[in-house]
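Take a look at the structure below.
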Amino acid sequence: MNYWLMKSEPEVYSIHDLEKDQAAMWEGCRNYQVRNFMRDQMKIGDQAFFYHSNANPSGISGIMQIVSEAYPDPTQFQEDSEYYDNKSSLDHPKWLVVDVKHVSTFQQILSLKYLKSIDNLKDMQVNRKGQRLSITPVTTDEWNTILKLSSHITNN
DNA sequence: GCCAACGTTGGC
DNA sequence: GCCAACGTTGGC
C-alpha cells in the first residue's frame with residue numbers, strides 16, 4: 011500500500027469534477043518518471059492526495075483511491091486529442107493511465123504555503139523548489155500528518 | 001506574465 | 001554521448 015500526491019490544474023479537472031464523476035481515468039501524463047511510477051509502483055488500493063496546481067491557492071484539495079492497474083492511455087492514439095502522440099503505437103504504447111475514484115473533498119484547500127509551514131513536511135517532494143512531477147510518492151508519516159491537519163475540515 | 005528549474009530534442 | 005536550444009511546469 012503506497013501513498014501518492016497527484017497534480018491537476020483545477021481549470022482542467024478539479025476535485026469537484028472528480029466528486030461529481032465519482033471515478034476518472036487519470037489521462038495525459040507525458041513524463042517518463044511519472045509513467046514509471048504508475049507502471050512499477052502504483053497498486054490497486056493505494057491512496058492519493060488530489061493536488062490543485064496553478065490554482066488560487068494551489069494545494070491539496072482531497073483524497074482519492076487508485077482502482078486499476080496502469081494501462082495504455084487511449085488519448086495517445088486519438089489524433090484530435092491534445093495528448094495525441096504520433097510516436098506511440100498500439101503495439102508499443104508509450105503512455106499509461108490509472109483509474110481513480112473519489113474518496114473525500116476537503117472543505118478547505120491545504121495550501122502549499124500552509125504545507126510549507128509544517129515542520130514534519132519540510133522534506134515532502136511537493137515542497138521542494140523546482141519539483142515538477144505530476145505524481146510523487148508520499149511517505150506514511152507525511153500522509154498521516156496531512157490527514158491529521160485535514161481531519162477537522164474534511165467533509166463526508 | 002515572469003521566470004526558475006527542470007525535461008526533451010537533435011546537431012555534431 | 002555531449003550539450004545548447006527549446007519546451008513545459010507551476011509558483012508567484
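Numbering of the first sequence is given in our numbering, commencing with residue 11 and proceeding in unit increments.
Note that CB positions come from ideal geometry on N, CA and C, so glycine has one too.
For the stretch 14-62, the continuous alpha helix (DSSP H) assignments of 4+ residues that do not extend past its boundaries occur at 25-31, 42-46, in sequence order. By the 16-neighbour rule on beta-carbons within 10 angstroms, E89 is exposed. DSSP lists L15 as the bridge partner or partners of T146. Per the DSSP secondary-structure output, P82 pairs in a beta bridge with L106.
CA-to-CA, the gap between C39 and E29 works out to about 21 angstroms. Between S144 and M48 a beta carbon distance of about 11 angstroms is seen, past the 8 angstroms cut, so the two are scored as non-contacting. Under the DSSP assignment, L100 falls outside any alpha helix (DSSP H); it carries neither an H nor an E label. In the pairwise beta carbon analysis, the stretch 64-74 is classified as touching the stretch 107-121: at least three pairs are separated by under 8 angstroms.
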